[in-house]
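Colleague:
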Amino acid sequence: MASPVLFFSASLWTFPPELEREIFELCAHARPSSIPTLMLTAWRVKQWTEPLLYRTIVLSSAKALDGYPTFGLKPFLAGIAARPAFFRDSVRNLMLHSVSENVLPRILAVCTRVENLWAPMASDALLSLASRCSQPALGHLYTSFMPLLRGLPPTHAFFARLTHLEIIGMPLRREYALWVDSLSGLPRLTHLAFNEDALLPISAELLHSCELLCVLVSLVGIHERMEAEMNTASRSDPRFVVLYSPWFEDWQMGIRVGRDYWSKAESIVEARRNRAST
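So this is what it looks like as structure tokens:
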């Protein structure tokens, strides 16, 4: 007896477009380094997932987290030159570490919808763009900040959405008062961090003047410095936290999974306040 022949309609194996897109986007988010392979599946899949590939760009000699793509500077510059509108709409998180200062304006002039920027040398380029209203307000910024501090009032639109700021570098002692006045004037600043002992002498003033500040974090590169820095005038304020941070990995972890020194500092502050209330 011959075996029955089964015929299946192709429609039985077709997902609704909305569900299909959700599945591919979940796969892309779970392991971004797989996106180039996913893009080969079909043209519609490429349209859905390619923007996710470039949502977070890390241009650094530091190693990327496992499962996440790495980008070379030359290919990236070629990409933004060829498809500026695509990169403008796609890039939201940007780390510019191993990038020369003269290249920064080219990148920032295209990636104008960045929400989270780690770029120690970008202040001059940002100031130039902000003066031309070409750079939107950032939510998270990690930079030297001094040119921005001197060049823009804290009420400028550039700072309108800035909630998290890490100041990289050391301010001059004679400019401490300027730092306090300017930082306390930022309308939405809730998280402030510094390194290299930069703002330690004025940390108590900052905690007093910055009314919205939830955490003030002193970042150290070695664990042995943590105890020494805690012995400051700010130690009685639960919002002052000293943390060790593996810089590049920490930023990437914050973007990818929401765990970074900011979230750790928030947990420490919350625990202190809970202990104080019992």
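If you want my numbering, it's the position in the sequence shown, counting the first as 1, plus 88.
C-beta: ideal position from N, C-alpha, C; glycine also.
Compute the beta-carbon to beta-carbon distance between L250 and L266, rounded to the nearest angstrom, for a pair I have assumed lies under 8 angstroms.
Modeller: About 17 angstroms; that fails the 8 angstroms criterion.
Colleague: Excluding sequence positions up to five away, which residues of its chain have a Cβ less than 6 angstroms from the Cβ of I356?
Modeller: These residues qualify, in order along the chain: V329.
Colleague: Could you tell me whether the stretch 231 to 245 touches the stretch 266 to 280, using the rule of 3 or more Cβ pairs below 8 angstroms?
Modeller: Because the criterion of three Cβ pairs below 8 angstroms is met, the stretch 231 to 245 and the stretch 266 to 280 touch.
Colleague: On the three-state DSSP scale, how would you describe M258?
Modeller: It is coil, neither helix nor strand.
Colleague: Among L304, F233, Q340 and R176, which has the Cα closest to the Cα of L280?
Modeller: Answer by Cα proximity: L304.
Colleague: Is S121 helix, strand or coil by DSSP?
Modeller: S121: helix per DSSP, three-state reduction.
Colleague: Is the beta carbon of L215 sitting closer than 9 angstroms to the one on G239?
Modeller: Contact: yes.
Colleague: Is the distance from the Cβ of F282 to the Cβ of S306 below 9 angstroms?
Modeller: Result yes, Cβ atoms of F282 and S306 sit closer than 9 angstroms.
Colleague: Need the endpoints of the alpha helix (DSSP H) that V174 sits in, please.
Modeller: Sequence inspection shows Phe at residue 174; the Val mentioned does not correspond to that position. Looking at the DSSP string, the run of the alpha helix (DSSP H) that includes F174 is P172 to S178.
Colleague: Ordered along the chain, which non-local residues of its own chain (more than five positions away) have a Cβ less than 7 angstroms from that of S211?
Modeller: Once the five neighbours on either side are set aside, the close Cβ partners of S211 are T231, S232, F233, M234, P235 and L236.
Colleague: Looking at the unbroken alpha helix (DSSP H) that takes in A292, where does it start and where does it end?
Modeller: A292 -> alpha helix (DSSP H) spans S291 to S297.
Colleague: Exposed or buried, which one is N181 when buried takes at least 16 other CB atoms within 10 Å?
Modeller: Per the 10 Å Cβ criterion, buried.
Colleague: Looking only at its own chain, which residues have a Cβ that is under 6 angstroms from the Cβ of K151, when we skip the five neighbours before and after it?
Modeller: So the list is empty, once near-sequence residues are dropped.
Colleague: The alpha helix (DSSP H) with N190 in it runs from where to where?
Modeller: Note, N190: premise wrong, no alpha helix (DSSP H); not H, not E.
Colleague: CB A213 to CB L192, shorter than 9 angstroms?
Modeller: Yes, these two residues count as a Cβ contact at 9 angstroms.
Colleague: So what does DSSP say about T102, is it helix, strand or coil?
Modeller: In the structure shown, T102 sits in coil (DSSP, three-state: anything other than H, G, I, E or B).
Colleague: Specify the secondary structure class of L300 as computed by DSSP and reduced to three states.
Modeller: Here L300 sits in coil by DSSP.
Colleague: When the Cβ atoms of the stretch 155 to 172 are set against those of the stretch 127 to 137, are three or more pairs found closer than 8 angstroms?
Modeller: Too few Cβ pairs lie closer than 8 angstroms, so no.
Colleague: Buried or exposed for F103, going by 16 or more other Cβ atoms inside 10 Å?
Modeller: So F103 ends up on the exposed side.
Colleague: Is the Cβ-Cβ distance between L331 and V308 less than 9 angstroms?
Modeller: In contact: L331 and V308 (Cβ atoms closer than 9 angstroms).
Colleague: First and last residue of the beta strand (DSSP E) that includes F282?
Modeller: Element bounds for F282: H279 to N283.
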